[in-house]
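Chemist:
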Amino acid sequence: MKSALISCAALIAAAQIAAAPAANAANMDRPAFGTSAAVDRSGRLWVAYAQPAGKAGQVVLQRSDDDGATWRPAVRVNAVVEPVAADGENRPKLAFGTGGEMYVTWTSPTSPQFTGDIRFARSLDGGKTWSAPTVVHHDRQLITHRFESMLVDPKGRVWVAWVDKRDLKVAEVAGRPYRGAAIYYAYSDDRGTTWSSDTKLADSSCECCRIALASDSQGRVAALWRHVFEPNERDHAFAFLGTPQAKVERATTDRWRVDACPHHGPSLAFGPEGTRHATWFNQVDGAGRAFYGQLAASGPSNMRQLPAGATHAEVAAAGRNVAVAWKRFDGSVTRIESLISNDAGRSFAPGPSLTTAGDSDQPHLVSAGQRILLVWRNVDGIAVREVAAAPALDTRIKPFGRDTLAAIERHHARTPFWLVLWDLECPYCMKSLSHLAAAQRTDPKLKVVTVSTDPMQSADEIAARLAQLGVSSDAYAFGDAPREALQYAIDPTWLGEKPRAYRYGADGKREALSGVIQLSASPR
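The C-terminal position of the sequence shown is numbered 543 in this note's numbering, with every residue numbered one higher than the one before it.
1. Quick one, are the C-beta atoms of Y495 and T423 less than 8 Å apart?
2. Quick check on the burial criterion: 16 or more other C-beta atoms within 10 angstroms. Buried or exposed for L161?
3. Out of N321, Q459, V535, state which residue places its alpha-carbon closest to the alpha-carbon of R519.
4. Per DSSP, what are the beta-bridge partners of D106 in this structure?
5. Would you please state the rounded distance, in angstroms, between the beta carbons of V334 and L384? I believe it to be under 8 Å.
6. Just mark D48 as buried or exposed, buried being the case when its beta carbon has 16 or more other beta carbons within 10 Å.
7. Got a sec? Which residues, its chain only, sit under 6 Å from D417 by beta carbon, not counting five neighbours each side?
8. Return helix, strand or coil for P410, following the three-state DSSP convention.
9. Where does L30 sit, in a helix, a strand or coil, going by DSSP?
10. Could you pull out every unbroken alpha helix (DSSP H) segment of at least 4 residues lying fully inside the segment 151-214, listed in chain order?
11. Only counting the same chain, and skipping five residues up and downstream in sequence, which positions put a Cβ closer than 7 Å to that of E516?
12. In terms of alpha-carbon separation, which member of G261, N321, A265, C227 lies closest to T271?
13. Which one of A258, P250, D217, S216 has the shortest CA to CA distance from D235?
14. What do you get for V277, buried or exposed, if any count of 16 or more other CB atoms within 10 angstroms of its CB means buried?
15. Just confirm the distance between the C-beta atoms of T54 and R110, as a whole number of angstroms; I'd bet it's less than 8 Å.
16. Can the beta-carbon of V100 be found less than 8 Å from the beta-carbon of A69?
17. Comparing C-alpha positions only, which one of K464, Q459, R484 sits nearest to V470?
18. When we look at the beta-carbon of P291 and count the other beta-carbons within 10 Å, is it buried (16 or more) or exposed?
19. Are P435 and G328 touching if we call contact CB-CB under 8 Å?
20. So the candidates are V406, S168, D378; which of them puts its Cα closest to the Cα of V5?
21. Spatial neighbours of R82 within its chain, please: CB distance less than 6 Å, with the 5 preceding and 5 following residues excluded, ordered by chain position.
22. Tell me whether the beta-carbon of V467 lies closer than 8 Å to the beta-carbon of W513.
23. Distance check for A344 and L287, CA to CA, integer angstroms please.
24. Where H283 and L373 are concerned, what is the direct C-alpha to C-alpha distance, given to the nearest angstrom?
25. If A98 sits next to L80, beta carbons under 8 Å apart, how far is it from one beta carbon to the other, in whole angstroms?
26. With DSSP as the reference, identify every bridge partner of S55, one or two as the case may be.
27. Going by DSSP, what residue range makes up the alpha helix (DSSP H) through D479?
28. For G318, which residues in the same chain have their Cβ closer than 7 Å to its Cβ, ignoring the five residues on either side in sequence?
29. Please state whether DSSP places K528 in a helix, a strand or coil.
30. Tell me the rounded alpha-carbon separation between G261 and K219.
31. Would you mind listing the beta strand (DSSP E) stretches within the segment 366-421 that are 3+ residues and don't spill past its ends, in chain order?
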C-alpha cells in the first residue's frame, strides 16, 4: 500500500524571504540553528534550515554558486507555517534526485510529549515551486516519528528512515518490556508521489540520535544508528535497507551502559572500494569520546580517538580522500576542527580549523563530486571551506592505436606494471579495477595502465568511472583502427573476453589473465 502525494492545487509558489541579502555575512537576525547542507548535480551548494525558530516556522533554503562566498536570497518550502523541529540532531534534510529533483524532509512536532510526523515536500523545477507537504509514514498515531534522515540512491529512489515508537506503545499495552524505540523506513520510486509501506529495520534503537544513511558503490543503501543492545548497552548498529529480514550487525563495541539520551548520532560514508568509514560518540572509562573507524562485521578497525571535547563528528569520502570534522569548545571559543586522509583512512593530517565566540551549529561535510566541503553556520553567517580534493588522477584519456602498446612497454621498461583491458558495460571489469585501486592504496608505487575498449567518444565517461573507482592509471580508449586490429595488436590470442589483464614483470615478460584480478596477484 502506498500513500499519495496531496496535490493541493499541485505546486505552491515559493516566495523569497524579504531582506535576505546575497552576501554571506548576514543571513538572519539570530539564526535558528539546525542546518543541513547538500550539493546539487550542477555543483551548487544548498543549505536547509527553519525560520523563524520556535514552535512554528517554515523550512527555507539558500543556494550558493561560488562555494559559500555569496548566497542567494532564501526561499520558503512550506507556505503554511507549522511546527518544525530544527535543533541539535533533529533538523530539516535536503537531497537531490538523479533528474535534478529537490527533496526536503523535516519533523513536525505534534505535541509537547516528543511526538511528531515526518513531513516531505519536493520541487521539480529547481526550487521555484514546491508541493504541499505530506506525511511519509502510514502510521498516524500520536507517537514519536522523529529524527528522520533522507537519501537518494543512484537509481533515483528516495529513502527516508526515522525513529518510531509504535512498537513501544504496543508493548506497554501488553505489559511487556521494550527497550528504546525502533528504526523504520519507507521509500519512493516515483519521485515522492507515493511511498512504500512502513518497514521496521530494527527494534530497540536509541530514542534521540540521528540516523546516518549512505549508499555504497553498488547502490545499496545502509543505515548506521545508536542501538540498545542487551542488556542495556548503547552501541551502534549497521544494516542495509530494502532487503527482507535485513541483517543487523553490531558496529561498535564500546559497551556504554546508560539510561540516557546521548544526543550524538553517528555518521557514515562509503569509499569506492566499499570501506565503511564512520564517526561516532560513546563513553569510555567514564568520559565521552568521539571516534573515527572503519566498520566491519568483526568490529571497527583503524580506530582513532578524536580530541577530548570533540562532539558531533561527521565523515565524508571522495575517492581515496576521507575527511572528518567535529565541533569543540576550548574554554573560550568554539572550534570546528578537521582531519584529512589521502590514503582511504589509513593515516590522517590536520585539516582546516574555524572558530567563533558566538552561537553556532554543528559542522557538516558535503561531498561535491571529487571534493569535500566543510559547511558551518554560526552567528556570522555560513562558513564554507574546501577540506579535501580527491587525489589528482590523469583524467586525459588518450587514443590507443596499433603502435601504442609498444610505446607503453618502452615507457615502463624494467618496471613492473599492469595492463588492464575493460569496458564501461562490464560489471566484472569494475571488480577488477576496484581490486587494483585497493592494491594501489596499499602500495602507491603500483603502476597501472588501463585500456578501455570503448571508443574515444566515451572519454569523459571513462575518466569519470576511473575516478569513481579510485584507479590511478595512464588511461587509454580504443582509437580509430578496427577493434579486431587493436585486439590483435595487444595479443593475437586474445579474442575479446573481459576483464583481461597482462602482468608485466621488471624483466619485460608478461602473463595474461582473464577474469577478475585478485589482490594477491601483483607484478614482481
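Even glycine gets a Cβ: it sits at the ideal position worked out from N, Cα and C.
Here the structure is a predicted model, which is why all the values come from computation and not from measurement.
Modeler: Let me lay it out:
1. One-based indexing of the sequence shown puts residue 495 at position 476. One-based indexing of the sequence shown puts residue 423 at position 404. It is a contact, given that the beta carbons lie within the stated cut-off.
2. In the sequence shown, residue 161 corresponds to position 142, counting from 1. By the neighbour-count rule (16 or more Cβ atoms within 10 Å), L161 is not buried but exposed.
3. Sequence index remark: in the sequence shown, residue 519 carries index 500 (1-based). Between R519 and the set N321, Q459, V535, the nearest pair of CA atoms involves V535.
4. In the sequence shown, counting from the first residue as 1, residue 106 sits at position 87. N109.
5. Within the sequence shown, numbered from 1, the residue matching residue 334 stands at position 315. Within the sequence shown, numbered from 1, the residue matching residue 384 stands at position 365. 7 Å between Cβ atoms; contact.
6. In the sequence shown, the residue the question calls residue 48 occupies position 29. Residue placement at D48 is poorly supported in this model, since its pLDDT is 42, which falls under 50; the coordinates still yield a value, given next. Burial call: exposed.
7. Stepping through the sequence shown from its first residue, residue 417 is reached at position 398. The sequence given here has Lys at residue 417, not Asp. Cβ neighbours of K417 beyond the five flanking positions: Y495.
8. Position 391 of the sequence shown, counted from the start, is the residue given in the question as residue 410. The predicted position of P410 is uncertain, since its pLDDT is 46 and thus under 50; a value taken from the coordinates is nonetheless stated next. It is coil, neither helix nor strand.
9. Sequence index remark: in the sequence shown, residue 30 carries index 11 (1-based). Only weak support is given to the placement of L30: the predicted model assigns it a pLDDT of 31, under 50, and the question is left unresolved by the model.
10. Entirely contained in the segment 151-214, the alpha helix (DSSP H) runs reaching 4 residues are, in chain order, 185-193.
11. Residue 516 sits at position 497 when you count from the first residue of the sequence shown. Excluding sequence neighbours, E516 sits near S533.
12. By one-based count along the sequence shown, residue 271 stands at place 252. T271 has its Cα closest to that of N321, out of G261, N321, A265, C227.
13. The residue given as residue 235 occupies position 216 in the sequence shown. When C-alpha distances from D235 are compared across A258, P250, D217, S216, the shortest belongs to A258.
14. Locating residue 277 in the sequence shown gives position 258, where the first residue counts as 1. Exposed, since its Cβ has fewer than 16 Cβ neighbours within 10 Å.
15. What you label residue 54 is simply residue 35 of the sequence shown in a count that begins at 1. What you label residue 110 is simply residue 91 of the sequence shown in a count that begins at 1. Their Cβ separation, rounded to whole angstroms, is 6 Å, which keeps T54 and R110 in contact under 8 Å.
16. On the sequence shown, position 81 is the one that residue 100 refers to. On the sequence shown, position 50 is the one that residue 69 refers to. Going by C-beta atoms, V100 is not nearer than 8 Å to A69.
17. Numbered from 1 along the sequence shown, position 451 holds the residue referred to as residue 470. Distances from the alpha-carbon of V470 to those of K464, Q459, R484 put R484 closest.
18. Along the sequence shown, one-based indexing puts residue 291 at 272. Label assigned to P291: buried.
19. Residue numbering aside, residue 435 sits at position 416 when the sequence shown is read from its first letter. Residue numbering aside, residue 328 sits at position 309 when the sequence shown is read from its first letter. Against a cut-off of 8 Å, the Cβ pair of G328 and P435 comes out as no contact.
20. A question about residue 5 goes unanswered here, because the residues of the chain that appear run from 20 up to 543.
21. As a working note, residue 82 is residue 63 in the sequence shown. Correct list, in chain order: R63, W65, R91.
22. Numbered from 1 along the sequence shown, position 448 holds the residue referred to as residue 467. Numbered from 1 along the sequence shown, position 494 holds the residue referred to as residue 513. At the C-beta level, V467 and W513 stay beyond 8 Å of one another.
23. Residue mapping note: residue 287 aligns to position 268 of the sequence shown, counting from 1. Residue mapping note: residue 344 aligns to position 325 of the sequence shown, counting from 1. For L287 and A344, the distance between alpha carbons rounds to 13 Å.
24. Start at 1 with the first residue of the sequence shown, and residue 283 comes out as number 264. Start at 1 with the first residue of the sequence shown, and residue 373 comes out as number 354. Their Cα atoms are separated by approximately 21 Å.
25. For the purposes of this step, residue 98 is taken as the residue at position 79 of the sequence shown. For the purposes of this step, residue 80 is taken as the residue at position 61 of the sequence shown. So it is not a contact: roughly 14 Å between Cβ atoms.
26. Here residue 55 refers to the residue found at position 36 when the sequence shown is read from its first residue. DSSP lists A67 as partners of S55.
27. Taking the sequence shown and counting its residues from 1, one reaches residue 479 at position 460. First-last of the alpha helix (DSSP H) with D479: 478-488.
28. In the sequence shown, residue 318 corresponds to position 299, counting from 1. Hits under 7 Å: T272.
29. The residue labelled residue 528 in the question sits at position 509 within the sequence shown. K528: coil per DSSP, three-state reduction.
30. Counting from one through the sequence shown, the residue named residue 261 turns up at place 242. Counting from one through the sequence shown, the residue named residue 219 turns up at place 200. Each residue's Cα considered, the two are about 10 Å apart.
31. List check, beta strand (DSSP E) in window: 373-375, 383-387, 390-397, 400-408, 417-419.
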